[in-house]
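This report concerns only the one structure given below.
Number of protein chains: 2
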Amino acid sequence: MPERGKGSARLAILISGRGSNMVALADAVADGRIPSADLAVVVSDQPDAAGLIRANERGLETLVIERHGRPREEHDREIVSELKARSVDLVCLAGYMRVLSREFLDAFRNCILNIHPSLLPSFPGLDAQKQALDHGVKWTGCTVHYVDETLDGGPIIAQRVVPIMNDDTVEDLSARILAEEHRLYPEAVALVLENAKLWQADI
Amino acid sequence: MPERGKGSARLAILISGRGSNMVALADAVADGRIPSADLAVVVSDQPDAAGLIRANERGLETLVIERHGRPREEHDREIVSELKARSVDLVCLAGYMRVLSREFLDAFRNCILNIHPSLLPSFPGLDAQKQALDHGVKWTGCTVHYVDETLDGGPIIAQRVVPIMNDDTVEDLSARILAEEHRLYPEAVALVLENAKLWQADI
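This is how it looks when you write it as structure tokens:
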């Protein structure tokens, strides 16, 4: 967490779909499980993302920033500009289905988190739950990690473990993992903010 | 398990060192946690493997089959010949530090198990515990899998999960995983033999 000084950390959440992890984070900010944090804005690249409705219901500011065929860098530049305008400290990807440009990564270096539905480094990339079932592992889980240039390969912050049952479908397993994601992501964000506070106290 | 008909399955265990997983399997055969099985022979490629003493203390037959600079295929051919002479059904690798030749794999196709100190497919190969610590995962474990031509990539039979603590050394973590290996390997062998019995009942 860079130079956020005193006061609350300002979070942004990026979504593309239903935003269930966005809701989990928003609820955790609201009820104090993520202390000293404000949810500054929810950004979607999809105008019809169901998560936008859920964010509005919670009184959160929402922004739709569509790509409109622009190069990734240009699209990201608009998002970064909106986040900087709101003094965002920490960016949480929550089902945001686009790869971030180098420029976005540099603008929020070490301040972008993602949640992934596997025990990384197993099963990075798309369809992690199906990958796990196809591979025949007996345990999988979810991982919150820092986002860098690698595919789901940035430093790991927290993980939770989920069992795989013999007759699991992709839907069964995805639902079981998702329930743990909703617990893990708030824990991980609280941990990151707490550590940032400790570092600042050290300085 | 091929054509073992009625009666007990005959196990062989291959070691190169202390053989702690060999002891765990031998004890589980002796006390019935692996039912309907006999431990036919313990084979070491190292004449000074500490596991040989522990096997002898338990009254098990032991064989030292050194490589003596021979090609892998030739060394393996001698081992396979000794296993076949003892009507071995299932081969359990327990810290056996050599890659098996295609010929060995073909002679016991789908009847060779290995235990690996990680939640595969994460961290195959050597020093899996150090790999896990270096990667920063929060959970690791151990995996029993069938051995095929891939590096620790054969079908997974069973896994156990182990937490990683903040201040773990490689030794701390290895000891914690090893304790679970000693529980997992007997469970996995019992499962394989039970399934083999079910298949035979189906025929």
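Protein chains in written order, with the working numbering: chain Y, 1 to 203; chain P, 1001 to 1203.
Backbone N, C-alpha and C define an ideal beta-carbon position, used for all residues, glycine too.
(request) Classify I1156(P) as helix, strand or coil using the three-state DSSP reduction. (result) Residue state, collapsed to three classes: strand.
(message) According to DSSP, simplified to helix, strand and coil, what is G136(Y)?
(response) In the three-state DSSP reduction, G136(Y) falls in the coil class, being neither helix nor strand.
(message) For H135(Y) and L1126(P), I'd like the C-alpha separation in whole angstroms.
(response) A direct Cα-Cα distance of roughly 21 Å separates H135(Y) from L1126(P).
(request) With a floor of 4 residues, list each alpha helix (DSSP H) that falls wholly inside the stretch 52-85 of chain Y, ordered by position along the chain. (result) 72-85, all fully within the stretch 52-85 of chain Y.
(request) Please classify I1203(P): is it buried, with 16 or more other beta-carbons within 10 angstroms of its beta-carbon, or exposed? (result) At I1203(P), the pLDDT of 46 sits below 50, so the modelled position is not reliable and the matter cannot be decided from this model.
(message) Count Cβ pairs between the stretch 190-199 of chain Y and the stretch 160-173 of chain Y that sit closer than 8 Å; are there 3 or more?
(response) The answer is no - the stretch 160-173 of chain Y does not touch the stretch 190-199 of chain Y, with fewer than three Cβ pairs under 8 Å.
(request) Evaluate E1171(P) with the Cβ neighbour count: other Cβ atoms within 10 Å of its Cβ, from every protein chain shown; 16 or more gives buried, anything less gives exposed. (result) Per the 10 Å Cβ criterion, exposed.
(message) Taking the straight line between their C-alpha atoms, what separation do you get for P143(Y) and L52(Y)?
(response) Checking the sequence shown, residue 143(Y) turns out to be Thr, not Pro. So the alpha carbons of these two residues sit roughly 24 Å apart.
(request) Give the DSSP-derived three-state secondary structure of R1004(P) in the structure shown. (result) Below a pLDDT of 50, predicted positions are generally treated as unreliable, and R1004(P), at 47, falls in that range; the measurement from the model is reported next regardless. Coil at R1004(P), not helix or strand.
(request) Could you name the residues of the same chain whose beta carbon sits closer than 7 Å to that of L178(Y), not counting the 5 residues immediately before and after it, in chain order? (result) Excluding positions up to five away in sequence, the list reads S20.
(request) Could you pull out every residue in the same chain whose Cβ sits closer than 7 Å to the Cβ of A37(Y), ignoring the five residues on either side in sequence? (result) So the list reads S8, A9, L11, V29, L193, once near-sequence residues are dropped.
(request) Quick one: grab the DSSP three-state call for L185(Y). (result) Contrary to the premise, residue 185(Y) reads as Tyr rather than Leu in this sequence. Y185(Y): helix per DSSP, three-state reduction.
(message) Rounded to the nearest angstrom, what separates D76(Y) and E180(Y) at their Cα positions?
(response) In this structure, the straight-line span from the alpha carbon of D76(Y) to that of E180(Y) is close to 30 Å.
(message) Looking at chain Y, is there any beta carbon in it that lies within less than 7 Å of the beta carbon of V1161(P)?
(response) At least one chain Y Cβ lies under 7 Å of V1161(P).
(request) Using a Cβ cut-off of 9 Å, pull out every chain P residue sitting near I156(Y), in sequence order please. (result) Those within 9 Å of I156(Y) in chain P are H1135, G1136, V1137, K1138.
(message) Taking only three categories from DSSP, how would you classify D1038(P)?
(response) Looking at D1038(P) - three-state DSSP - the assignment turns out to be strand.
(message) Given this structure, state the Cα-to-Cα distance separating V1041(P) from A128(Y), to the nearest angstrom.
(response) Straight-line Cα distance between these residues: approximately 41 Å.
(message) Please tell me whether P1121(P) has its Cβ less than 7 Å away from any Cβ of chain Y.
(response) For P1121(P), the answer is yes, since a Cβ of chain Y falls inside 7 Å of its Cβ.
(request) Could you check the C-alpha separation between T1140(P) and I1156(P) for me, to the nearest Å? (result) T1140(P) and I1156(P) have their C-alpha atoms some 15 Å from each other.
(message) Once DSSP output is grouped into helix, strand and coil, what is the label at L1113(P)?
(response) For L1113(P), the three-state secondary structure derived from DSSP is strand.
(request) Quick one: grab the DSSP three-state call for A12(Y). (result) In this structure, A12(Y) counts as strand in the three-state DSSP scheme.
(request) Would you mind stating whether A1050(P) and L1039(P) have Cβ atoms separated by less than 7 Å? (result) Cβ distance not < 7 Å, so A1050(P) and L1039(P) don't count as in contact.
(message) I need the boundaries of the beta strand (DSSP E) containing L1093(P), first residue and last residue.
(response) Following the DSSP letters along the chain, one finds L1093(P) inside the beta strand (DSSP E) bounded by residues 1090-1093.
(request) Give the single residue among S87(Y), D89(Y), E78(Y) whose Cα lies nearest to the Cα of E103(Y). (result) Relative to the Cα of E103(Y), the nearest Cα in the group S87(Y), D89(Y), E78(Y) belongs to E78(Y).
(request) May I ask you to list the residues that DSSP assigns as paired with S1044(P)? (result) Paired residues: I1015(P), V1064(P).
(request) Return the residue from the list G1032(P), R1070(P), R1033(P), V1162(P) that minimises the CA-CA distance to S1045(P). (result) One point to set straight first is that residue 1045(P) is Asp, not Ser, in the sequence displayed. Looking at the Cα atoms, R1070(P) is the closest of the given residues.
(message) Measuring only the C-alpha atoms, how far is R1033(P) from V91(Y)?
(response) Taking the straight line joining both Cα atoms gives about 51 Å.
(message) On the CB-based measure, 16 or more other CB atoms within 10 Å of its CB, does D1048(P) come out buried or exposed?
(response) The residue in question, D1048(P), is exposed, as its Cβ has fewer than 16 Cβ neighbours within 10 Å.
(request) Please report the Cβ distance between S122(Y) and S1122(P), rounded to the nearest whole angstrom; I am assuming they are in contact, meaning their Cβ atoms lie under 8 Å. (result) That belief holds up - the Cβ atoms of S122(Y) and S1122(P) are roughly 5 Å apart, short of 8 Å.
(message) Quick check on the burial criterion: 16 or more other C-beta atoms within 10 angstroms. Buried or exposed for S81(Y)?
(response) Residue burial is scored here from C-beta neighbours: S81(Y) has fewer than 16 other C-beta atoms within 10 angstroms and is therefore classed as exposed.
(request) Quick one: list the residues of chain Y neighbouring G1095(P), beta-carbon separation under 9 Å, in chain order. (result) Simply none; closest approach about 22 Å.
(request) To the nearest angstrom, report how far apart P1035(P) and A1024(P) are at their CA atoms. (result) Rounded to the nearest whole angstrom, the C-alpha separation of P1035(P) and A1024(P) is 14 Å.
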